[in-house]
Amino acid sequence: MDVLYFAWVRERIGIPREKVESSAKTVAELVEELRGREERYEVAFSDLSALRVAVDQELTDFDASLEGAREVAFFPPMTGG
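Residue 10 is where the sequence shown starts when you use the numbering used here, and the numbers rise one by one after that.
Okay, here's the thing in structure tokens:
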């Protein structure tokens with residue numbers, strides 16, 4: 010699946026997107042797999058309360074299923090004004 014990173018998440022990981030082969034069944038499991046890769050992922054995902062996630066362009070929670078997912082995006086909360 011494609012994993013996309015936006016704003017400071019992208020800055021901490023150092024890339025805007027990557028293809029990931031994963032056995033994760035939920036977004037939370039994917040995050041744990043990514044955290045185990047390198048320190049930069051651990052830093053980026055250290056505070057999940059500061060992150061939002063979308064699966065196939067639908068805003069969702071970290072316990073969401075990844076079954077059939079083609080894309081997961083991580084980004085900080087957005088503010089309006």
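The beta carbon of each residue, even a glycine, is placed where N, CA and C say it ideally should be.
Beta bridge counterpart(s) of residue i as assigned by DSSP
i: residue 37; result: BP columns for residue 37 are empty, so no partner.
Proximity winner among the options, relative to residue i (alpha-carbon distances)
i: residue 82; options: 62, 73, 20 and 71; result: 62
i: residue 84; options: 77, 75 and 71; result: 71
i: residue 74; options: 22, 31, 54 and 51; result: 31
Proximity test, Cβ basis, 7 Å: residue i and chain D
i: residue 61; result: Absent here is chain D; the protein component of the structure consists of one chain.
Sequence-distant residues of its chain with Cβ nearer than 7 Å to residue i (five each side left out)
i: residue 11; result: 26, 28, 79 and 80
Buried versus exposed call for residue i [16 or more other C-beta atoms within 10 Å across all chains shown]
i: residue 36; result: buried
i: residue 96; result: The structure shown does not extend to residue 96, since the chain spans only 10 to 90, so no value can be given for it.
i: residue 52; result: exposed
Residues of its chain near residue i, where Cβ-Cβ distance is below 6 Å and the 5 sequence neighbours each way are ignored
i: residue 13; result: 26 and 82
8 Å CB neighbourhood of residue i in its chain, flanking five on each side removed
i: residue 69; result: 36, 62 and 63
**Report entry** Complete runs of the beta strand (DSSP E) confined to the segment 11-60 [at least 3 residues]
**Finding:** 11-14 and 26-28, all fully within the segment 11-60.
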